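Protein chains in written order, with my numbering: chain A, 33 to 496; chain B, 33 to 496.
There are 2 protein chains.
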Amino acid sequence: MRIEEARSYVVEKLKYALNPRSIAVVGASRYPAKVGNKVVYELQKWGYKGTIYPVNPRAETVLGLKAYHTLRDIEGEVDLVFVAVPAHLVFSIVRDAVHIKAKVLVVATSAFKEIGRGDLQNEITSYCRKHELPLIGPNLVGLGSPYEHFNCGFIPYLPVPGPVAMISQSGANLLAALGTSQEDHLGMSFFVGLGNKADVDFSEFVEYAEKDPHTKCLAIYIEGLDSPEAFVKACRKASKPIVVIKVGGSAIGAKAAFAHTASENPEADTYYDDIIKEAGAIRAGTWQEFLDVSLALGLEPPLRGDNVVLITNGGGAGLLSCDHFERLGMPLSELKDISPLLAQKIRAYMPMFGSPLNPVDISGTASVIQYRGAFQQALRDPKVDGLLGAICPTAVTDVLGVARAAAEVRAATKGLNKPFLMICQGGAECREAIRYLRDHGIAAYPTAEQAVNAMVALRKASSD
Amino acid sequence: MRIEEARSYVVEKLKYALNPRSIAVVGASRYPAKVGNKVVYELQKWGYKGTIYPVNPRAETVLGLKAYHTLRDIEGEVDLVFVAVPAHLVFSIVRDAVHIKAKVLVVATSAFKEIGRGDLQNEITSYCRKHELPLIGPNLVGLGSPYEHFNCGFIPYLPVPGPVAMISQSGANLLAALGTSQEDHLGMSFFVGLGNKADVDFSEFVEYAEKDPHTKCLAIYIEGLDSPEAFVKACRKASKPIVVIKVGGSAIGAKAAFAHTASENPEADTYYDDIIKEAGAIRAGTWQEFLDVSLALGLEPPLRGDNVVLITNGGGAGLLSCDHFERLGMPLSELKDISPLLAQKIRAYMPMFGSPLNPVDISGTASVIQYRGAFQQALRDPKVDGLLGAICPTAVTDVLGVARAAAEVRAATKGLNKPFLMICQGGAECREAIRYLRDHGIAAYPTAEQAVNAMVALRKASSD
Numbered sequence: 033m034r035i036e037e038a039r040s041y042v043v044e045k046l047k048y049a050l051n052p053r054s055i056a057v058v059g060a061s062r063y064p065a066k067v068g069n070k071v072v073y074e075l076q077k078w079g080y081k082g083t084i085y086p087v088n089p090r091a092e093t094v095l096g097l098k099a100y101h102t103l104r105d106i107e108g109e110v111d112l113v114f115v116a117v118p119a120h121l122v123f124s125i126v127r128d129a130v131h132i133k134a135k136v137l138v139v140a141t142s143a144f145k146e147i148g149r150g151d152l153q154n155e156i157t158s159y160c161r162k163h164e165l166p167l168i169g170p171n172l173v174g175l176g177s178p179y180e181h182f183n184c185g186f187i188p189y190l191p192v193p194g195p196v197a198m199i200s201q202s203g204a205n206l207l208a209a210l211g212t213s214q215e216d217h218l219g220m221s222f223f224v225g226l227g228n229k230a231d232v233d234f235s236e237f238v239e240y241a242e243k244d245p246h247t248k249c250l251a252i253y254i255e256g257l258d259s260p261e262a263f264v265k266a267c268r269k270a271s272k273p274i275v276v277i278k279v280g281g282s283a284i285g286a287k288a289a290f291a292h293t294a295s296e297n298p299e300a301d302t303y304y305d306d307i308i309k310e311a312g313a314i315r316a317g318t319w320q321e322f323l324d325v326s327l328a329l330g331l332e333p334p335l336r337g338d339n340v341v342l343i344t345n346g347g348g349a350g351l352l353s354c355d356h357f358e359r360l361g362m363p364l365s366e367l368k369d370i371s372p373l374l375a376q377k378i379r380a381y382m383p384m385f386g387s388p389l390n391p392v393d394i395s396g397t398a399s400v401i402q403y404r405g406a407f408q409q410a411l412r413d414p415k416v417d418g419l420l421g422a423i424c425p426t427a428v429t430d431v432l433g434v435a436r437a438a439a440e441v442r443a444a445t446k447g448l449n450k451p452f453l454m455i456c457q458g459g460a461e462c463r464e465a466i467r468y469l470r471d472h473g474i475a476a477y478p479t480a481e482q483a484v485n486a487m488v489a490l491r492k493a494s495s496d
Numbered sequence: 033m034r035i036e037e038a039r040s041y042v043v044e045k046l047k048y049a050l051n052p053r054s055i056a057v058v059g060a061s062r063y064p065a066k067v068g069n070k071v072v073y074e075l076q077k078w079g080y081k082g083t084i085y086p087v088n089p090r091a092e093t094v095l096g097l098k099a100y101h102t103l104r105d106i107e108g109e110v111d112l113v114f115v116a117v118p119a120h121l122v123f124s125i126v127r128d129a130v131h132i133k134a135k136v137l138v139v140a141t142s143a144f145k146e147i148g149r150g151d152l153q154n155e156i157t158s159y160c161r162k163h164e165l166p167l168i169g170p171n172l173v174g175l176g177s178p179y180e181h182f183n184c185g186f187i188p189y190l191p192v193p194g195p196v197a198m199i200s201q202s203g204a205n206l207l208a209a210l211g212t213s214q215e216d217h218l219g220m221s222f223f224v225g226l227g228n229k230a231d232v233d234f235s236e237f238v239e240y241a242e243k244d245p246h247t248k249c250l251a252i253y254i255e256g257l258d259s260p261e262a263f264v265k266a267c268r269k270a271s272k273p274i275v276v277i278k279v280g281g282s283a284i285g286a287k288a289a290f291a292h293t294a295s296e297n298p299e300a301d302t303y304y305d306d307i308i309k310e311a312g313a314i315r316a317g318t319w320q321e322f323l324d325v326s327l328a329l330g331l332e333p334p335l336r337g338d339n340v341v342l343i344t345n346g347g348g349a350g351l352l353s354c355d356h357f358e359r360l361g362m363p364l365s366e367l368k369d370i371s372p373l374l375a376q377k378i379r380a381y382m383p384m385f386g387s388p389l390n391p392v393d394i395s396g397t398a399s400v401i402q403y404r405g406a407f408q409q410a411l412r413d414p415k416v417d418g419l420l421g422a423i424c425p426t427a428v429t430d431v432l433g434v435a436r437a438a439a440e441v442r443a444a445t446k447g448l449n450k451p452f453l454m455i456c457q458g459g460a461e462c463r464e465a466i467r468y469l470r471d472h473g474i475a476a477y478p479t480a481e482q483a484v485n486a487m488v489a490l491r492k493a494s495s496d
């Protein structure tokens, strides 16, 4: 339901959604195959430190915890009420949640507006608003934070801790992002599925994320925007960079978005181009770009000029990159035009058949020492705004050694506040190097074009 | 150097390049850090079955093998001469190779035309042509075939066996592809780096690949095309699908392509659009798309109509997909318009809050049985031309179970000759499922848009 702007009582209470002292799980089943059981299981498994109150009218215990027949039977204070019961039972649970003065309500239950039960959804939402009980959902997968060891929902894993706040209407895509986070070390500060976003809206999570100390960047997946003015206003107020992916732009996608999260898309897709631009956010085109740009915005400073130097041991990665830079409207300049001095100096770090053009090809035989020297020279040159390094594993490349050298150079040049991204195209050792680099604060990618997308986004983040 | 068309003596002798009975490695060093040592080491490590003759004027043995001071000292027949000595020594090696009647020559050495020594390169090439000794290279990383356990070059790994012939001018990008192959099970029939392609040209490998029984699809990475007519002619003759990535289209990229592999790009990039179209090949825009489309063309039949059904347990993956289908000019139709009967039948495999639209959302609670049923119904419906399945790992999803079911359905419906692609968005279990699916002949991808790119390419492959 529409809001004029982010409501302060909601923003204030979202801390209970992401860092609750106690949680009541309504619909907590005794049977492991049931989703209501999974919620309690995952809370326990990932080390939630607060109190869990399973609520189940027919159980005495759930997963070793004392169960309560109703919310009203709980003696202690309840910060968060998580609801996983069939749709027709939800309103009575909501009334109980208001009665026990819960701080925030998360409704996972599906089968509301997305299947034509908009009236019931609106009724519940209005009731929550009247009682100033923020409702997240319904029809969502969950939420959590790796910093709090807090995994609340039907979610098989926590992401690795890091800078990106992931705010997603889609549960499945949120889960995909969390899986990617674990596997490829895309660090997150917190994550939330908004589902039908009947009550709590994007704008309120944007304001919350702005205050969250772990969050350096916001990644927002949108299927429909009920309150575009509130969204734009909250984003414009935010100092942190924001990347948005908006789906449902295709004719059939608009229908699917309604069937999925009851999202309405009466406007053409270009309308969202304008909204996102007005919000000062960056729009990603594909899911991969969404993740890649989020990572860069979370880890790297903005790129303050167009002078990017590309240092590679493989000409191919360099070519893919420079073509893609030009495709995105930010062509590379030749090194001699960026810095004649650097073009000379960098010769010391390559064999005679290397190329100091830009891409700077230090050749397939490049050693860790040559890489380190070239990286240092490039980053320290005052004419250089940003550095893109590429590692291609030849039979003589010490991939992890180069990654370590990159991390050292990054640590030593942190004060220069320049983006330093890496490409690492290849197999298992590249995947390992990417994780290592990301763990050490360098946005690293498995293909050239992904890194270039990220670098261009960092330029946009500077000009906004 | 330019050729009018693929030369039959070259095509004929390429079998000695990819399946040689004996190899002389000239420049085989005793020192493990040297590239000339790596070549012998990798041949041994990956189980090359033929005879290896290390050639080194100062060594008696290399890695346990008897070394020869010159090529002329070798008593046995030599199919392939691999050259890894400095550029100024290459011509005399080439003369020796002709003298001993070697079948094919692979020159890894750099520092020819790409640094201004075009004259020397041309002189050597003319000499080879006069003596009908095919020269692959110079300035390349190597070549090989997983089916032959044959890894010949500065290459840290063999790919997994499979349908894609990878023909790449760039060594680094070839290595990246091989690494990806091992890690993500992109199966290859053979691979070759062409480097400066002074003599042997793309067209000749195209003709060779056409005859190779393991090859189902050709993936060609081009930095420059000296003989476009020969290329077009060979591709048009080929019955196997071909995907091409052509780099060097940007202003700085054209210079970098010359510095890298002495590739000349006097024409605008659109010229290559035309050439590739005329060749009946599919042009990929990014490296990832190049790999993804290759995999699909290698594993899947062409898509003979536009009726693609998308079955997913996550609405988000469905939305990303259908938006991308529309972006690529091949929008999905609603299921009721494709097949009213299927739209009814498929209801049996989803809960009441699922959606039979298209994407067909069988919901986050979907079981292996529901997936199997939905996949079967969709593939068997005569109105359906192709199927795209998506697995999003919720807390109750048996990801590998669904992958197994998909492989079973695929095996049972092979005769229908319809593409069946999968999306598996998420973490470690998705990566494992993707490998499993690929190993079982299903083109599976970690993001929705990658799978859609591949499906659209399969449609193009049908209309060509």
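Don't be surprised by glycine CBs; every beta carbon is placed ideally from N, CA and C. Here the structure is a predicted model, which means the values were calculated and not measured.
Shown here for Asn339 of chain A: same chain residues with a beta carbon closer than 7 Å to its own, the five before and five after excluded, namely Ser365, Ile370, Lys415, Val416 and Asp417 in chain order.
Within 8 Å of the CB of Thr293 of chain B, the CB atoms of chain A belong to Gly347, in sequence order along the chain. Residue range Leu367 to Ile370 is occupied by the alpha helix (DSSP H) that includes Ile370 of chain A, with no beta strand (DSSP E) assigned at that position.
In the structure shown, Leu218 of chain B adopts coil according to DSSP, grouped into three states. Close to Gly194 of chain A, with beta-carbon spacing below 8 Å, lies no residue of chain B; the smallest spacing is near 15 Å. For Gly285 of chain B, the residues of chain A that pass the 8 Å Cβ criterion are Leu351, Cys354, Asp355 and Glu358, in the order they occur in the chain.
Ranked by Cα distance from Cys184 of chain B, the first of B:Phe223, B:Val192 and B:Asn154 is B:Phe223. Where Cys249 of chain A is concerned, the enclosing beta strand (DSSP E) starts and stops at Cys249 to Ile254.
Taking each of B:Gly405, B:Gln376, B:Lys368 and B:Thr344 in turn and checking the Cα distance to Ile455 of chain B, the smallest one comes out for B:Thr344. Distance from Asn297 of chain A to Ser177 of chain A at the Cβ level is roughly 30 Å; contact not present, criterion being Cβ atoms closer than 8 Å.
Leu165 of chain A and Val428 of chain B have their C-alpha atoms spaced approximately 29 Å apart.
At a cut-off of 9 Å, the C-beta of Ser365 of chain A has a neighbouring C-beta in chain B.
Its chain contains Pro363, Leu364 and Val484 as the residues whose beta carbon lies nearer than 6 Å to that of Phe357 of chain A, once the 5 sequence neighbours on both sides are disregarded; these appear in chain order.
Within 10 angstroms of the beta-carbon of Ser158 of chain A lie fewer than 16 other beta-carbons, which makes it exposed. Taking a Cβ-Cβ cut-off of 7 Å, Ser259 of chain B has no neighbours in chain A, whose nearest Cβ is about 20 Å from it. For Tyr48 of chain B and Phe114 of chain B, the gap between their C-alpha atoms comes out near 12 Å. If you check the CB distance, Leu172 of chain B and Val138 of chain B come in under 9 Å. Secondary structure at Pro188 of chain A: coil, using DSSP grouped into helix, strand and coil. For Asp324 of chain B, same chain residues with a beta-carbon under 7 Å away, outside a window of 5 residues either side, are Tyr477, Gln482, Asn485 and Ala486 in chain order. Between Gly281 of chain A and Asp393 of chain B the beta-carbon gap is near 18 Å, outside 8 Å, which marks them as no contact. Using beta-carbon distances, Glu461 of chain A counts as an interface residue toward chain B, with a partner under 9 Å.
Within the stretch 63-149 of chain B, complete alpha helix (DSSP H) segments of at least 4 residues are found at 67-77 and 119-131, given in chain order.
With three or more CB-CB distances shorter than 8 Å, the stretch 289-303 of chain A counts as touching the stretch 145-152 of chain A. In the DSSP annotation of this structure, the continuous segment of the alpha helix (DSSP H) that includes Lys45 of chain A starts and ends at Ser40 to Leu50. Interface criterion not met: the Cβ of Ile199 of chain B is under 9 Å from no Cβ in chain A.
Residues of the stretch 49-60 of chain B that bring their beta carbon within less than 9 Å of a beta carbon in chain A are absent altogether. Residue pairing by DSSP places Leu167 of chain A opposite A:Leu137 in a beta bridge. Counting only the Cα atoms, Tyr100 of chain A lies some 24 Å from His163 of chain A. Within chain A, Ala427 and Val428 have C-beta atoms less than 8 Å from the C-beta of Lys70 of chain B, given in sequence order. Interface annotation, Glu255 of chain A: in contact with chain B, CB-CB separation under 9 Å. In the three-state reduction of the DSSP assignment, Met362 of chain A falls in the coil class. For Leu448 of chain B, no beta strand (DSSP E) encloses it, and the DSSP letter there is neither H nor E. Listed in chain order, the non-local C-beta contacts of Lys70 of chain A below 6 Å within the same chain comprise Phe186, local neighbours out to five positions each way being set aside. For Val341 of chain A, the closest alpha carbon among the candidates A:Ala375, A:Gly348 and A:Lys309 is that of A:Ala375. The DSSP-derived three-state label of Met487 of chain A is helix. Excluding five sequence positions before and after Lys265 of chain B, the CB atoms of its chain that fall closer than 6 Å to its own CB belong to Glu37, given in chain order.
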